[in-house]
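Let me begin by presenting the structure, written as structure tokens, before commenting on it.
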Amino acid sequence: MANELKVPTMAELFAAGQKPEVLFWVGCAGSFDDRAKKITKAFVQLLNRANVSFAVLGTEESCTGDPAKRSGNEFLFQMQAVTNIEVMNAYGINKIVTACPHCFNTIKNEYPGLGGHYEVVHHTQFLKTLFDDKRITLEGGQFKGKRITYHDPCYLGRANNVYEAPRELIRKLDAELIEMKSCKEKGLCCGAGGAQMFKEPEKGDKDINIERTEQAMETKPEIIAAGCPFCNTMMTDGVKNKEKEGAIAVMDIAELIASAGDL
Amino acid sequence: MEYLSNILFVIVLIAGIGFFARNVKRLSRNIKLGKDVDVSDNTSQRWKNMAKIALGQSKMVVRPIAGFLHIIVYVGFIIINVEVIEIILDGILGTHRLFAPLSVVYDVLIGSFEILAILVIVAVTIFWMRRNVIRIKRFMKPEMAGWPKEDGNLILYIELVLMTLFLTMNGADYQLQQMGAAHYIEAGSFPVSQFIAPLFEGMSISSLVLVERTAWWIHIVGILCFLNYLYYSKHLHILLAFPNTYYGKLVPKGQFKNSDAVTAEVKLMMDPSADPFAAPAEDAEEPAKFGASDVTDLSWVQLLNSYTCTECGRCTDECPANQTGKKLSPRKIMMDTRDRLTEVGKNIDANNGKFVDDGKQLLDGYISREELWACTTCNACVEACPVSIDPLSIIMDMRQYLVMEQSAAPTDLNNMMGNIENNGAPWPFNQMDRLNWAKEE
Ligand code: SF4
Ligand code: SF4
């Protein structure tokens, strides 16, 4: 890593009497999962590079409650939500960016009903505005002409109609974006949502991530791009299951941009 | 005796409509067994959705072949209703082709009915082939065995017969017009049935009148029967698709409702000044049951959804769980909900308006836990449904019941929830380690 990451916390900034432009909500996967941590770091590199004034909650962040809610524990969800909202409101937070579509959906759509009103954007949307404002730029780079297919995370796509920002970023890489047969509104789930990530799947003919990986492989990709740490895990497992990890990389869009920009 | 047929007609009409009204009353009574929800917001958006999705069939054409054929049958149905008005008025008044004075307009009308009728016959035949010859996968799922399959075919047969009768009636009429038969004024144009007319060549006027009258009567009685068949059939969607799309979900698909009952409890727990042992206020409602285990725990919109389901299986076709061989089928969730609701309704009818516990419920009785836990909450089913049904909301309500009332989540999920409670993360990591990534190489 070329530069040390600069990751200010809300508490530090608050003590110094400052308020960042945006709160980066890291999420549980982004904080603890070894693979997802790489995504988190790549995104922070980009934030640093673009000189974005941001902060994280660090140890004050807690699970949004998404997996609790989707598994039916509304009670636990609301306890989590109310606690998180209290912390964020105390810091006067207005704008949140997150690399996890589950956090994105929950904070954006379900927190307002419990007193948490924020402008929430997905990191692909945020990166797109950084490009639009010329705060980051890319020229050519290592992905030129590469075959990339993009897997729509359900909670970003169908659940919130964000289809274009991630695709636009991929196009910025000068790569060849190839759509799977089920994409956008018809995108197939990776199998992790609804708290499925945390349990064994029900009996069936095959696992959902394998089905989705097969759809991705039909496009003969060199890279499967994702915009969700859970999708990333599921697709990575799928590629491993097909013993294609040497030929196909599964990468988050933030990672693609960060490595194209040679950070 | 002159007015015998008019009187007979009026009796048949009143019986048909009366029976239908009785069923509509039952239907709305059953739907109202659901919990109240406030759907009075955003009326303009709701009207727009209804116009676009139900009237404009916008979601049907996502699958172009079925969508196109469906539009033919749908337009045929709407337009032919104009003809039905004429038939009814003729029946009551004893007139024949009452609208004939519209002259050219009338010619165009009758002509277009005929063309639509033949198109409907073609469409219905293709639909039948898809179900019975090509055997399209989504019509072959386990929940489609038995009545749902027969129902689907029956509708197609009835439509076929009604259209054939319509054309036969016109064909005979055309022939009578040519022969200058009394009462059969020359009116209308018959681009399709003029080709049937030669079949009647050489028949006497009286036998032709018999053919025409028979076709006319069976046609209108058939329509009345079909109207009453709706209540027992998935064909109910031709009526309910309209209110159902009106009341469809408006917020982002990923937004699941926050339970107010839970919010109240959470507030109480989080408020240090609240006395947990305080006696409940006098007017406090009885403690709410969390989630849903039976149809009466669902909202009336969800129950309306269940009656609107056309069993097309587009939801199931897109469901990742179903695609990978799991038991879950969102269509089955809707059909089960409707079947249970019908059962509850019958129970109420049989017991003088009161539901008598029958020891059954939607959960386990109809929908198994295995189905409920297989859902990834991906919203593919919601996106796919051409009439704005939300099977996912029922799945979620039932999961809430399992978890909050029965503590019956799969062990793995219980561990996950325990972790969130204790560590603020679904995995057993310490909250204090949340920022470690920033220091790691
Ligand atoms: S939300 Fe659930 S039931 Fe609906 S398609 Fe997705 S996995 Fe299937
Ligand atoms: S819920 Fe909708 S998509 Fe599914 S079978 Fe019923 S009508 Fe079709």
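Those protein sequences? They're chains Y and B, same order as listed.
When the letters of the first sequence are read in order and numbered with this note's numbering, they come out as residues 1 to 263.
When the letters of the second sequence are read in order and numbered with this note's numbering, they come out as residues 1001 to 1441.
Virtual Cβ for every residue (Gly too), placed ideally from N, Cα, C.
Everything numeric in this text was worked out from a predicted model, so none of it was measured.
Note to self: Using CA atoms only, rank isn't needed, just tell me which of B:1135, B:1058, B:1160 is closest to residue 1073 of chain B.
What the structure shows: Locating residue 1073 of chain B in the second sequence gives position 73, counting from the first residue. The shortest Cα separation from residue 1073 of chain B among B:1135, B:1058, B:1160 belongs to B:1160.
Note to self: If we define contact as Cβ-Cβ less than 8 Å, is residue 63 of chain Y a contact residue for chain B?
What the structure shows: Reading the first sequence from its first residue, position 63 is the one you call residue 63 of chain Y. Using beta-carbon distances, residue 63 of chain Y counts as an interface residue toward chain B, with a partner under 8 Å.
Check: Taking 8 Å as the CB-CB cut-off, is residue 1362 of chain B touching chain Y?
Finding: The count along the second sequence starts at 1 and reaches residue 1362 of chain B at position 362. Any Cβ of chain Y closer than 8 Å to the Cβ of residue 1362 of chain B would place that residue at the interface, and such an atom is absent.
Note to self: Does any residue of chain B have a CB that is nearer than 8 Å to the CB of residue 259 of chain Y?
What the structure shows: Position 259 of the first sequence, counted from the first residue, corresponds to residue 259 of chain Y. For residue 259 of chain Y, the nearest beta carbon of chain B is not closer than 8 Å to its own beta carbon.
Note to self: Measuring straight from C-alpha to C-alpha, what distance separates residue 93 of chain Y and residue 1309 of chain B?
What the structure shows: On the first sequence, position 93 is the one that residue 93 of chain Y refers to. On the second sequence, position 309 is the one that residue 1309 of chain B refers to. A straight-line Cα-Cα distance of about 44 Å links residue 93 of chain Y and residue 1309 of chain B.
Next item on the list: Give every residue of the same chain whose Cβ lies closer than 7 Å to the Cβ of residue 1010 of chain B, excluding the five residues on either side of it in the sequence, and list them in chain order.
Entry: Numbered from 1 along the second sequence, position 10 holds the residue referred to as residue 1010 of chain B. Contacts found: 1092.
Note to self: For ligand 2, I want to know if residue 1383 of chain B counts as a neighbour, meaning its beta carbon is within less than 7 Å of at least one of the ligand's heavy atoms.
What the structure shows: Here residue 1383 of chain B is taken as the residue at index 383 of the second sequence, counted from 1. Within 7 Å of the C-beta of residue 1383 of chain B there is not a single heavy atom belonging to ligand 2.
Next item on the list: Would you mind telling me which residues of chain B sit closer than 7 Å to residue 214 of chain Y, beta carbon to beta carbon, in chain order?
Entry: Position 214 of the first sequence holds residue 214 of chain Y. Neighbours of residue 214 of chain Y in chain B, taken as residues whose beta carbon is under 7 Å from its own, are absent, since the nearest beta carbon is some 11 Å off.
Notebook entry, point to check: What does residue 1374 of chain B reach in chain Y if we use C-beta pairs closer than 7 Å?
Noted result: The residue you call residue 1374 of chain B lines up with position 374 of the second sequence. Proximity of chain Y to residue 1374 of chain B at the Cβ level (cut-off 7 Å) is accounted for by 202, in chain order.
Next item on the list: Using a threshold of 8 Å, state whether the C-beta atoms of residue 11 of chain Y and residue 60 of chain Y are closer than that.
Entry: The sequence position of residue 11 of chain Y within the first sequence is 11, counting from 1. The sequence position of residue 60 of chain Y within the first sequence is 60, counting from 1. Yes, they are a contact pair.
Check: Quick one: which chain Y residues come within Cβ less than 8 Å of residue 1326 of chain B?
Finding: Indexing the second sequence from 1 puts residue 1326 of chain B at position 326. The answer, in chain order, is 201, 202, 203, 204.
Next item on the list: May I ask which residues mark the beginning and end of the beta strand (DSSP E) holding residue 1331 of chain B?
Entry: Indexing the second sequence from 1 puts residue 1331 of chain B at position 331. Following the DSSP letters along the chain, one finds residue 1331 of chain B in no beta strand (DSSP E) but inside the alpha helix (DSSP H) bounded by residues 1330 to 1350.
Notebook entry, point to check: For chain Y, is any of its Cβ atoms less than 8 Å away from the one on residue 1378 of chain B?
Noted result: Translated into positions along the second sequence, residue 1378 of chain B becomes position 378. By this cut-off, residue 1378 of chain B is an interface position.
Checklist line | Check whether residue 24 of chain Y and residue 97 of chain Y have beta carbons under 8 Å apart | finding: Position 24 of the first sequence, counted from the first residue, corresponds to residue 24 of chain Y. Position 97 of the first sequence, counted from the first residue, corresponds to residue 97 of chain Y. Contact annotation: residue 24 of chain Y and residue 97 of chain Y have beta-carbon atoms nearer than 8 Å.
Check: Using a Cβ-Cβ distance under 8 Å, would residue 1425 of chain B count as near chain Y?
Finding: Taking the first residue of the second sequence as 1, we reach residue 1425 of chain B at position 425. Interface residue (Cβ-Cβ distance to chain Y less than 8 Å): residue 1425 of chain B is classified as such.
Check: Can the beta-carbon of residue 101 of chain Y be found closer than 8 Å to that of residue 46 of chain Y?
Finding: Locating residue 101 of chain Y in the first sequence gives position 101, where the first residue counts as 1. Locating residue 46 of chain Y in the first sequence gives position 46, where the first residue counts as 1. No.
Checklist line | Whether residue 1401 of chain B touches residue 1292 of chain B by CB criterion (8 Å) | finding: Residue mapping note: residue 1401 of chain B aligns to position 401 of the second sequence, counting from 1. Residue mapping note: residue 1292 of chain B aligns to position 292 of the second sequence, counting from 1. Yes, Cβ-Cβ distance for residue 1401 of chain B and residue 1292 of chain B is below 8 Å.
Note to self: Tell me the residue span of the alpha helix (DSSP H) that contains residue 214 of chain Y.
What the structure shows: Position 214 of the first sequence, counted from the first residue, corresponds to residue 214 of chain Y. 208 to 217 is the span of the alpha helix (DSSP H), which, as asked, contains residue 214 of chain Y.
Checklist line | Spatially closest choice to residue 1422 of chain B from Y:202, Y:204, Y:210, Y:79, by CA coordinates | finding: Here the question's residue 1422 of chain B lines up with position 422 in the second sequence. With respect to the C-alpha of residue 1422 of chain B, the residue from Y:202, Y:204, Y:210, Y:79 having the closest C-alpha is Y:79.
Note to self: With a threshold of 7 Å (Cβ to nearest heavy atom), would residue 1389 of chain B be considered close to ligand 2?
What the structure shows: Mapped onto the second sequence, residue 1389 of chain B falls at position 389. Yes.
Notebook entry, point to check: Do three or more CB pairs link the region 179 to 191 of chain Y to the region 124 to 144 of chain Y at distances below 8 Å?
Noted result: Touching, no.
Checklist line | Residue-chain proximity (residue 79 of chain Y, chain B), Cβ-Cβ < 8 Å | finding: Position 79 of the first sequence, counting from 1, holds the residue named residue 79 of chain Y. Chain B, which has a Cβ nearer than 8 Å to the Cβ of residue 79 of chain Y, makes this yes.
Checklist line | Local Cβ density within 10 Å of residue 161 of chain Y, reported as buried at 16 or more and exposed below that | finding: Within the first sequence, numbered from 1, the residue matching residue 161 of chain Y stands at position 161. So residue 161 of chain Y ends up on the exposed side.
Checklist line | Counted within 10 angstroms of its Cβ, other Cβ atoms place residue 17 of chain Y as buried (16 or more) or exposed | finding: Working through the first sequence from its first residue, we reach residue 17 of chain Y at position 17. That one is exposed.
Next item on the list: Answer yes or no: does any C-beta atom of chain B fall closer than 8 Å to that of residue 32 of chain Y?
Entry: For the purposes of this step, residue 32 of chain Y is identified with residue 32 of the first sequence, where counting begins at 1. So yes, residue 32 of chain Y belongs to the interface.
Next item on the list: Indicate whether at least one CB of chain B lies closer than 8 Å to the CB of residue 171 of chain Y.
Entry: The residue given as residue 171 of chain Y occupies position 171 in the first sequence. No, its Cβ sits nowhere closer than 8 Å to a Cβ of chain B.
Checklist line | Cβ-based contacts, 9 Å cut-off: residues of the region 167 to 197 of chain Y near chain B | finding: Within the region 167 to 197 of chain Y, the qualifying residues are 182, 185, 186, 187, 188, 189, 190, 191, 192, 193, 194, 195, 196, 197.
Item checked: Three-state class that DSSP yields for residue 1356 of chain B in the structure shown -> Along the second sequence, one-based indexing puts residue 1356 of chain B at 356. In the three-state DSSP reduction, residue 1356 of chain B falls in the coil class, being neither helix nor strand.
Item checked: C-alpha distance - residue 1347 of chain B paired with residue 1019 of chain B, whole-angstrom precision -> Counted from its first residue, the second sequence places residue 1347 of chain B at position 347. Counted from its first residue, the second sequence places residue 1019 of chain B at position 19. Those two C-alpha atoms are separated by around 20 Å.
Check: Does the Cβ-Cβ distance between residue 260 of chain Y and residue 145 of chain Y come in under 8 Å?
Finding: Indexing the first sequence from 1 puts residue 260 of chain Y at position 260. Indexing the first sequence from 1 puts residue 145 of chain Y at position 145. Contact flag unset, no.
Next item on the list: Measure the C-alpha to C-alpha separation of residue 1254 of chain B and residue 195 of chain Y and round it to an integer number of angstroms.
Entry: Here residue 1254 of chain B refers to the residue found at position 254 when the second sequence is read from its first residue. Here residue 195 of chain Y refers to the residue found at position 195 when the first sequence is read from its first residue. When only Cα atoms are considered, residue 1254 of chain B and residue 195 of chain Y end up about 14 Å apart.
Notebook entry, point to check: Under 7 Å from any heavy atom of ligand 2, does the C-beta of residue 1378 of chain B make it?
Noted result: For this step, residue 1378 of chain B is matched to residue 378 along the second sequence. No, the beta carbon of residue 1378 of chain B sits no closer than 7 Å to any heavy atom of ligand 2.
Item checked: Pick from Y:86, Y:172, Y:131 that is closest to residue 1271 of chain B, judged by C-alpha positions -> For the purposes of this step, residue 1271 of chain B is identified with residue 271 of the second sequence, where counting begins at 1. When only C-alpha atoms are compared, the closest one is Y:86.
Check: Quick one: does residue 1253 of chain B have its CB under 8 Å from some CB of chain Y?
Finding: If you number the second sequence from 1, residue 1253 of chain B lands on position 253. With 8 Å as the cut-off, residue 1253 of chain B counts as an interface residue toward chain Y.
Next item on the list: Could you pull out every unbroken beta strand (DSSP E) segment of at least 3 residues lying fully inside the region 1185 to 1228 of chain B, listed in chain order?
Entry: If you keep only unbroken beta strand (DSSP E) runs of at least 3 residues inside the region 1185 to 1228 of chain B, you get nothing at all.
Notebook entry, point to check: Are the Cβ atoms of residue 149 of chain Y and residue 257 of chain Y separated by less than 8 Å?
Noted result: In the first sequence, counting from the first residue as 1, residue 149 of chain Y sits at position 149. In the first sequence, counting from the first residue as 1, residue 257 of chain Y sits at position 257. In this structure, residue 257 of chain Y does not lie closer than 8 Å to residue 149 of chain Y by Cβ.
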